[in-house]
Structures are given as structure tokens and as C-alpha cells.
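Novice: Please read through the structure below; I'll follow up with questions.
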Amino acid sequence: MSSPIVETTSLSAVAQDTRAALRFVTCGSVDDGKSTLIGRLLVDSRAVLQDHLAGVQRGGETDLALLTDGLSAEREQGITIDVAYRYFSTETRKFIIADAPGHEQYTRNMVTAASSADAAVVLVDATKLDWAAPMPELLPQTRRHSLLVNLLRVPSIVFAINKLDAVDNPALAFAHISAALHQFAVEAQIPVKAIVPVSALIGYNVVDDNPGWCDYNGPGLLHILEHLPATPADTSQAFAFPVQWVEKFSSSADTSQGRRIFWGRIATGAVQPGQQITVLPSGKTATVAQVLDHARQPKAVLAGHSAGVILDRELDVSRGDWLLATDGFEPPLGARHHRHHRLDGRGTAGAGPALLGTSGSPLGQGQNQTHRPPGRYHHPGQP
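Below is the structure:
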């Protein structure tokens, strides 16, 4: 592969390309209707073609869940296993949806989806709870997913109480389940943007508002999503870049620069040719020779976007290493020898947030720990 030609693109021009698309993940317990909800959003927002709808028929009726469950095992078993991403837009906003599995053994897949989300819609199946009780007990997986998306610092969390059309008293069920969710959120210190009653199967309060249903007169789910803030790209801080993939083009005859492209998504700051960077944990320094965007076009790239970085010389950089602006951080003591240190969102060494277990108590030594990285990790081919 020949090395790319360098072209100059101003950072101000790159900033104008940024769109406030909302990335949100649907999560919750098994069979709470996550895939059906996304199917309803796609169909009612007219994001699905008729020939596509014809291909998701089951028993003569449209199975909305099949619009996202694409794996053969998912369709055979009627469950979600892998994370499925779907895209749609309204007149006011674009959306990127991540349909996460609800089974406990696939929780890691939900965490992957939530790590890059601006919002999380946690579904609650009213038919699985003792909704007649004043304070029904929530399902463990509902609590687990809610705690995880909060631990991952997803900015906006919305509870959607689904299948209320299938209970005898929807208004009473919504009132009791809402109270249980509110109490849980307060105890777990989870900031909740809204609690909304929905019927993904029928379409109540999903795309179209249904005032008065369940004695609820607030906005529907899509209206709420349209007004949630997207996570702004932190371009004011020093450059910080987690390496996700190393691409080699050793066949190039150009020896004036390195022969590897380091791909990832910029966590903070910006990068352009001529910048001085430091590789952590090795502590080696180099100069940025070229910068490629996600389409492999040479240009300066801002935080929140994928980039390929080529250095002016060969360095031992592996997946999981960090490229940081040399003048933007102070190397922590022992950083040259400690490979697994953490970085906070400012690109400097930090302790990060306290880690909690699903019970809400701090995790002890030896327990599983999960934290939200400063960057949004995804395949470098995505914008």
C-alpha cells in the first residue's frame, strides 16, 4: 500500500461537519420488547421500505423484532444476542440506535453498546411485575442494566414502561411501577430524564403521543429523544487518542515516515500534521506526519471522530496504547513501566469515578470492575 498524499484541511472546516446525531441504546431484561420498540420506531418514522417489511412477516403479521434481530440464531430462538445498530432520522434529528441483548450472559454486549451512547432507554415489562402492589420489585436485569449505564456515565437515562396495554389497569400499573423506578433511581443515585408509558406492539407513546393514556400527559418517547443532548466533542482539551487497530503498509517505499497507521477515535482535542505526541505507556515521543479521516482522506480531525495517525518514525505502538499531546499532560510516576493505567476525560492521569457493584456498594479488590473510557470505541470505518 502506498502512503497517502498529505493535504491540509483547517480544524474550523472539520468542526462544521459535526452533526448532533443522538446515539442511544435500548436495554433491560429479557423479552421486555427492546427489538420490538426499535422496530416500531423505524416503521412509524417511515425508515423501513415496504419490501423490507415484507421480509419480516411471521404468521401473516409483521414481526417488528425481526427488523433488528438479523442473526439466524436470533431469528430461530426469538432473542437478541449481538448488538444491532440501526439508523433513522426525523425532521429535526438523526438517530443511531443500538439494540442490546437482555440475557444476563450477554451483558458484556450491552456494555459495549452503552460505552458509546449519548442516552439509554431502559425498558421495563409491566406484565412481569406485580404491578398491583404499591411498590413492585424490579427485575434483577433491569436493575443491573440501569446501574451499568449509569456507571458508564451515559448522560441521559429514560425508563420506558412497556406492555401496559396487556394489563387490566394500565394507569394503576404505570403509577406503581413509576414509583418503584423512582425509588430505585434515588437510592442508586441514577439521574433519570423521564419515565414514559409505551406500547411498542401497538405504538402508544412511541412515535405518536397518546395524551391521557395511563393518565400520562407528557411527551412520547421519540419527542423525548429528539430533545436529549448529544455528548459534545471535547475539542478544548489536549489531544488524547486510544489506539484500536494498527494497519501496516510495509510495502511502501517511503522511508521518510512510519509505515503503520494507528486507527481509533479521538477522545479529546484534535490532531493535525506536525503535532508532537507521546506514546503511553512506553513514553516514546514522535511527530504526527499524516492524519486520515474515517474515509482515508487526509485532513485534520477533531474529538469524537475516527482518525488514522501516521508518525514520522517507527515506534512500537500496539492496540490499547495511547497517543497524547506531549505538552498536554504530565507523565505519572512509573508510567513508563506500568502498562495498564487509566486516563480521565482530560487526557491526564486520574483516579476516575468510584466504581460500584450492581448492589450499589463500592467494589472491593478482586471484584469485576467496569468504567467508561474517555473515548468512544468503535470500528474505525464508522464516521
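In this note's numbering, the protein residues as written are 25 to 407.
A virtual CB, placed ideally from N, CA and C, is assigned to each residue, including glycine.
(1) Using DSSP's beta-bridge definition, name the partner residues of residue 284.
(2) When every heavy atom of the ligand GDP is checked, does at least one fall within less than 7 Å of the C-beta of residue 347?
(3) Which word fits residue 223, buried or exposed, when buried means at least 16 other C-beta atoms lie within 10 angstroms of its C-beta?
(4) Could you tell me which residues DSSP pairs with residue 48 in its beta bridges?
(5) Could you tell me the alpha carbon to alpha carbon distance between residue 368 and residue 140, rounded to whole angstroms?
(6) Grab me the residues of residue 112's own chain with a C-beta within less than 6 Å of its C-beta, minus the 5 sequence neighbours each way, in chain order.
(7) For residue 293 versus residue 319, is the C-beta distance shorter than 8 Å?
(8) Under DSSP, the alpha helix (DSSP H) around residue 330 begins and ends at which residues?
(9) Is DSSP giving residue 201 helix, strand or coil here?
(10) Determine the closest residue to residue 193 out of 115, 212 and 237, with distance taken between C-alpha atoms.
(11) Opposite residue 17 in the DSSP bridges: which residues?
(12) Which whole-angstrom value describes the C-beta separation of residue 229 and residue 216, a residue pair presumed to lie in contact below a C-beta threshold of 8 Å?
(13) Within the continuous beta strand (DSSP E) that includes residue 113, where are the two ends?
(14) Between the segment 237 to 253 and the segment 122 to 136, can you find at least three pairs of beta-carbon atoms closer than 8 Å?
(15) Given this structure, state the Cα-to-Cα distance separating residue 50 from residue 333, to the nearest angstrom.
(16) Please report the distance separating the alpha-carbon of residue 54 from that of residue 349.
(17) Assign residue 129 to one of three DSSP states: helix, strand, or coil.
(18) What residue from 168, 198, 301 and 182 has the CA that sits closest to residue 188's CA?
(19) Give the DSSP-derived three-state secondary structure of residue 311 in the structure shown.
(20) With DSSP run on the structure shown, which of helix, strand or coil describes residue 67?
(21) What does the alpha-carbon distance come out to for the pair residue 302 and residue 310?
(22) If you drop the 5 nearest sequence neighbours on each side, which residues of the same chain put their C-beta closer than 8 Å to that of residue 159?
(23) Can you tell me whether DSSP reads residue 60 as helix, strand or coil?
(24) Count the other C-beta atoms from every protein chain shown that fall within 10 angstroms of the C-beta of residue 251, then say buried if there are 16 or more, exposed otherwise.
(25) Does DSSP classify residue 174 as helix, strand or coil?
(26) Can residue 166 and residue 146 be called in contact, C-beta distance under 8 Å?
(27) What is the C-beta distance between residue 214 and residue 186, in whole angstroms, given that I count them as a contact (C-beta under 8 Å)?
(28) Taking only runs of the alpha helix (DSSP H) that begin and end inside the segment 177 to 239, which ones reach a length of at least 4 residues, in chain order?
Specialist: Taking the geometry as given:
(1) 272
(2) Ligands in the displayed structure: none, and consequently the ligand GDP is not present.
(3) buried
(4) 121 and 143
(5) Low local confidence applies: a pLDDT of 39 at residue 368 is under 50, so the model's placement there is unreliable, with the coordinate-based value given in what follows. The alpha-carbon atoms of residue 368 and residue 140 are separated by roughly 16 Å.
(6) 66, 69, 71 and 119
(7) no
(8) No alpha helix (DSSP H) holds residue 330; the beta strand (DSSP E) holding it covers 330 to 335.
(9) helix
(10) 237
(11) No information on residue 17 is available, as it lies outside the stretch 25 to 407 that the chain covers here.
(12) Between residue 216 and residue 229 the Cβ distance is about 16 Å, and since that is not below 8 Å, they are no contact.
(13) 108 to 113
(14) no
(15) 33 Å
(16) 44 Å
(17) helix
(18) 198
(19) strand
(20) helix
(21) 7 Å
(22) 200, 203, 204 and 207
(23) helix
(24) exposed
(25) helix
(26) yes
(27) So it is not a contact: roughly 19 Å between Cβ atoms.
(28) 194 to 212
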